[in-house]
Amino acid sequence: MRAMTALIKREFLEHRGAFLYAPAVLLAIVSTAIVFAVATGNTQFDSPAEWRLSGAEIYRVGIGGAFLLWSAYLMIGLFFYYADSFSADRRNNALLFWKSMPQSDLKVLAAKALSGITIFLGLIFSYAMLTAVLVYLVLLMVSAQHPVIAAPSPIEAALSFVQMGVVGAVYLVLTLLWHAPGLAWVAGLSTLFRRWSIPLAFLIPGTVILLEFLNSLRGTGGGRPIADFLTWRLDGFNEEVGTTAGAVLMGQAEGGPFTVLGLMLSDIDWLHMGIGLIFTAAVVYLASEYRRRRIEA
Amino acid sequence: MTGIPAIASARGLTKRFGRKNVLRGIDFTIPAGRIYGLVGQNGAGKTTTLNALLGLTDYGGQIEVLGHDPFRNRAKLMNQVAFISDVASLPRFLKVRELFDLVSDIQPRFDREKANVFLQGTDLKPDLKIKTLSKGMIAQLHLAVVMAIDAKLLVLDEPTLGLDIIYRKRFYRRLLEDYMTEERTLLITTHQVDEIEFMLTDIMFLHDGAIILDTPVEDIGLLYAQLIVGKDKLVEAEKLAPIYAETRLDQTMMVFENVPSEKLEPLGQVSTPSLSDLFVTLMQRQNATPGEA
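Now the structure itself:
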């Protein structure tokens, strides 16, 4: 366990730029821009006739939006991370150093695979929660200028913060687990083709889909199962869940944050989630066997 | 050396890269507590032999290192083995302190205090990033890491390649003074045989994937003799079938194999050939008669 923790920490040290510093800079820029806009903006505010969101609802929607944006950042960041990390040790002959340590190739690659759902997910979750705090501060500023928009009370805000934090954490974990096979795909390609894994990750399925499309034009009646499957796999949560979750958070439908949590959990196809994770584990194992036989840069 | 347990042994070790036989079924045994030099020309199979011993590559034949099949159990083996294959291979994104933290957690036999002691008196500071260090400093750091590991076998593959002479001398001196004990075995390859000659207890010459010499250094004098002979005794000396001869000014240097020194002494000055001279001798003989290995 100590060695695994150290190997995950090593991933953090190597990639802290993408998951610690870059999000901090991004958040600082966006926060500054929003605070500047609020502080210098028009103090007159004409609320639309249908405007009827409470402060707590606005806050929950704000936190939900923050988690959506940070989850997109996480997935993009992890895509580039896995497009590189499985072959990164081959740079500068560093593979020779890692192989001089009493840790198996499988363990090293498992640490890389687990880094995504532990340290990097944890960092992005922390930034999402920090964003939630900033959203509250902005709400306080806005409500001071425009009494029509009431900021939630500190107790309401704390409750929303905790509840939405739980929902957001589960959302990040489920999103990552659902898309794990896609990340494993690019990681596996990177093991073989290094940085060419990025174009190949799209080129290979794109070519297969194109051939499938050309075949379907012949009218064989086979349809396009591969394209349909990949589209479904990439979509993640059902669109209807998103719409209902939005309505719940805005008070337009029954329930609260945990209703959204229930919606997400019931929408997951657990069988496919399991198959995807088995595929991911298989890719990590095969990549480790390949790495076991590699020594040159 | 009978009775001394073997640290590593190979039987019928083969390795092919495509159609090329890099190792042609070699056998050797490395006893504990020795300093073994593995010497050969480029492409002779030195690094491939070491890689096979360290479990870094698959192979044909049998290898046992500290009771393990290296390719199957590399991770377990590395609990008792340390190696440097390339001094520039330390992960560059780490600071010196972070490297020590990491190695402490993943190598149970690493003694951080010892590593710090090895760095005393050098320019290496804990907060320096490895990517900012010179090649010599990285070599010092890598050696400090390796020497702080309580390993039974230390393998060094061209450890001083690209380093200047000052660093090379310091590297070997520290290795010998601060690391070697009777319980430890050192296996080393280098092109610069003369630099490590003083520390070796055993020598193995590889040529074209085969072993052409595997002997304790102390036995070289029993097997080979070097004779400096003047012009007047040259014909007489040539009758004893030297395996190598080289004329320098008015004198000729000859190397003999299995010729008693009593026969040579009347002809000139007899001595034991240096490892580098013996290496040149045996390589020239092999190149002159390929296929004998």
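First to last, the protein sequences are chains A and B. According to the working numbering, the first sequence holds residues 1 to 297 in order. According to the working numbering, the second sequence holds residues 1001 to 1293 in order. By construction, the Cβ of each residue, glycine as well, lies at the ideal position given by its N, Cα and C atoms.
Below-7 angstroms beta-carbon distance, residue i vs any chain A residue
i         : result
B/ALA1052 : no
B/PHE1256 : no
B/ASP1105 : yes
B/ALA1075 : yes
B/SER1134 : no
B/LEU1090 : yes
B/PHE997  : As displayed, chain B neither begins before 1001 nor continues past 1293, which places residue 997 of chain B out of reach and without an answer.
B/ALA1293 : Summary for B/ALA1293: the model assigns pLDDT 44, below 50, so the residue's position carries little reliability; its value from the coordinates is reported in the next sentence. False, the Cβ-Cβ gap to chain A never drops below 7 angstroms.
B/MET1078 : yes
B/PHE1110 : no
B/LEU1056 : yes
B/PHE1171 : no
B/SER1009 : no
B/SER1276 : no
B/PHE979  : A query on residue 979 of chain B cannot be resolved here, the shown segment of chain B reaching from 1001 to 1293 and no further.
B/PHE1198 : no
B/PHE1093 : yes
Rounded Cβ spacing between residue i and residue j (contact assumed at less than 8 angstroms)
i         : j         : result
B/GLY1055 : B/GLY1025 : Actually they are not in contact, since the Cβ atoms of B/GLY1055 and B/GLY1025 sit about 19 angstroms apart, beyond 8 angstroms.
A/LEU261  : A/VAL166  : 7 angstroms
A/PHE79   : A/LEU183  : 7 angstroms
B/LEU1143 : B/GLU1197 : About 20 angstroms; that fails the 8 angstroms criterion.
B/LEU1090 : A/LEU13   : Not really, about 13 angstroms apart at Cβ, beyond 8 angstroms.
B/TYR1172 : B/GLU1195 : 7 angstroms
A/ILE63   : A/ALA132  : 4 angstroms
Cβ of residue i within 7 angstroms of any chain B Cβ
i        : result
A/LEU13  : yes
A/ASN93  : yes
A/GLN145 : no
A/LYS99  : yes
A/ALA297 : Any reading at A/ALA297 must be qualified, since the residue scores a pLDDT of 48, below 50, and its modelled position is unreliable; the value itself is stated next. Not one chain B Cβ lies under 7 angstroms of A/ALA297.
A/ARG10  : yes
A/ALA6   : yes
A/SER104 : yes
A/ARG2   : yes
A/LEU192 : no
A/LEU114 : no
A/LEU20  : no
A/LEU96  : yes
Residue span of the beta strand (DSSP E) that contains residue i, given as start and end
i         : result
B/THR1295 : The first residue shown for chain B is 1001 and the last is 1293, placing residue 1295 of chain B beyond what the model contains.
B/GLN1062 : 1060–1065
B/ALA1075 : Note, B/ALA1075: premise wrong, no beta strand (DSSP E); alpha helix (DSSP H) at 1074–1077.
B/SER1271 : 1268–1271
B/LEU1227 : 1224–1229
B/ALA1100 : Checking the sequence shown, residue 1100 of chain B turns out to be Phe, not Ala. Segment 1096–1106 is the alpha helix (DSSP H) holding B/PHE1100; no beta strand (DSSP E) there.
B/VAL1259 : That residue, B/VAL1259, is in no beta strand (DSSP E); it is neither H nor E in DSSP.
Span of the alpha helix (DSSP H), counted from its first residue to its last, around residue i
i         : result
A/ARG233  : 225–235
A/PRO257  : 257–267
A/MET129  : 121–145
B/ARG1248 : Taken as a continuous stretch (DSSP letters only), B/ARG1248 belongs to no alpha helix (DSSP H), being part of the beta strand (DSSP E) at 1244–1248.
A/LEU106  : 105–115
B/SER1089 : Premise fails: B/SER1089 is in no alpha helix (DSSP H) and is neither H nor E.
A/ALA187  : 154–193
Sequence-distant residues of its chain with Cβ nearer than 7 angstroms to residue i (five each side left out)
i         : result
B/MET1283 : GLN1041 and HIS1207
A/LEU177  : MET273 and LEU277
B/VAL1217 : LEU1200, THR1201, ASP1202 and ILE1203
A/ALA110  : VAL284
B/LYS1233 : LEU1267 and GLY1268
A/ILE264  : The residue asked about is misnamed: residue 264 of chain A is Met in this sequence, not Ile. These residues qualify, in order along the chain: VAL170, TYR171, LEU174, PHE237 and VAL241.
Bridge-paired residues (DSSP) for residue i
i         : result
B/THR1029 : B/SER1009
B/ASN1021 : B/ARG1016
B/GLY1040 : B/LEU1206
B/GLN1251 : B/ARG1248
B/ILE1211 : B/LEU1206
B/THR1189 : B/LEU1038 and B/ASP1157
B/LEU1176 : None; B/LEU1176 has no bridge partner.
B/PRO1216 : B/ASP1202
B/LYS1129 : B/LYS1095
B/VAL1081 : B/LEU1153
Cut-off 8 angstroms between Cβ atoms - residues of its own chain near residue i, not counting five sequence neighbours on either side
i         : result
A/ALA158  : none
A/PHE213  : ARG224 and ALA227
B/GLN1192 : THR1160 and ARG1168
A/ALA287  : PHE86, LEU109, ALA187, GLY188 and THR191
A/MET4    : LYS107, ALA110, ALA111 and LEU114
Sequence-distant residues of the same chain with beta carbon closer than 6 angstroms to residue i, five excluded per side
i         : result
B/ILE1030 : ILE1007, ALA1008 and TYR1036
B/ALA1044 : LEU1206 and HIS1207
B/LYS1015 : VAL1022, LEU1023, THR1048 and TYR1059
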